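Residue numbers (our numbering): 27 to 242.
Backbone N, C-alpha and C define an ideal beta-carbon position, used for all residues, glycine too.
Since we're looking at a predicted model, the values are computed, not measured.
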Amino acid sequence: MIDEKQVSFLKKTFKANQYISIVDLGAADLAHSIFFRKMFKNAKIYAIEPDRDNIEKCISLAQKHGIVFSSFAISKEAGTKTFYPSLSYGNNNNWGYSGSIFKPVVNGKGNESAFYKTLKFDMSGYDVECVSFDSFCDIHMIEEVDFLHMDAQGAEYDIISGIEKVFPRHIWAETNAFGEYETGVSLKDFDNLMLQKGYKKIERTANDTLYSFSLT
27 MIDEKQVSFL
37 KKTFKANQYI
47 SIVDLGAADL
57 AHSIFFRKMF
67 KNAKIYAIEP
77 DRDNIEKCIS
87 LAQKHGIVFS
97 SFAISKEAGT
107 KTFYPSLSYG
117 NNNNWGYSGS
127 IFKPVVNGKG
137 NESAFYKTLK
147 FDMSGYDVEC
157 VSFDSFCDIH
167 MIEEVDFLHM
177 DAQGAEYDII
187 SGIEKVFPRH
197 IWAETNAFGE
207 YETGVSLKDF
217 DNLMLQKGYK
227 KIERTANDTL
237 YSFSLT
């Protein structure tokens, strides 16, 4: 679901016909990417999603809507990491929205989330190729990012840690999931990191936080 406050910010910040660059990191089913395309017809939109159960659908939708799709996972540095996909949630047996490069916190030795009843994971996972955000931008020859939508299921700290060159002007990040995965960091840690990287906190909702880059 698209957050109304995010929509309001985008409408206030960018014109509908403006040539802007948007990255949707942790794109899942491309719902946000497609929404951004409908809002900004001239935008260059990049979607990133490593869950292999989502990739085929993402490729098809990306081609249809003029979106550049990549199946990398984004991390602090290049390499291979284990991706833990979500399997099911409630009556949905194909729940591709909660996978992470960090191991989920589960009940006991099972595979059910300790935070969401009936949310189940593949605790064995599988290897995915990781690149840093800067490297992703190099691959696609992106010099500036106007808006980064980041829903990486606890990996947000790891991702931002690796940014040294291409600092998105505005970042809308999921910030409620650090404790739901074995990240070793807290929301306070993430806020401090964002401050160190030059970002100001603009707005916080129950699940997400908007940060804007500032050199002052």
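Residue i versus the options, residue with shortest Cα-Cα distance
i    : options                : result
D160 : K226, S212, S187       : S187
D234 : F147, L56, M176        : M176
K191 : E30, G224, F95         : G224
L36  : N202, S240, I197       : I197
A203 : E30, F147, I228, Y183  : Y183
I189 : D55, L174, G210, Q179  : L174
T39  : G52, G210, D172        : D172
A178 : E170, A53, T231        : A53
Y152 : P130, K135, I185, K107 : K107
Whole-Å CB distance - residue i paired with residue j, under 8 Å assumed
i    : j    : result
I168 : S34  : I168 to S34, Cβ: 26 Å. No contact.
I71  : S59  : 6 Å
M149 : N137 : 5 Å
A42  : F66  : 6 Å
E208 : F128 : 5 Å
G125 : S112 : 5 Å
E200 : S158 : Not really, about 19 Å apart at Cβ, beyond 8 Å.
N80  : D55  : 6 Å
Beta bridge counterpart(s) of residue i as assigned by DSSP
i    : result
D50  : A73, H175
K227 : Y237
S139 : V132
E103 : In DSSP, E103 forms no bridge with anything.
V211 : DSSP, once it has assigned bridges, lists no residue as partnering V211.
W198 : H175, L236
Y110 : S126
S96  : I74
Simplified DSSP assignment, three categories, for residue i
i    : result
A88  : helix
S161 : helix
N218 : helix
L6   : This structure cannot settle anything about residue 6, because the visible part of the chain is limited to 27 through 242.
D271 : In the structure as shown, the chain begins at 27 and stops at 242. Residue 271 is therefore absent and cannot be evaluated.
Y183 : helix
F193 : coil
K146 : strand
N118 : strand
M27  : coil
M65  : helix
query = Does the pairing of the region 57-76 with the region 131-149 give three or more beta-carbon distances under 8 Å?
reply = no
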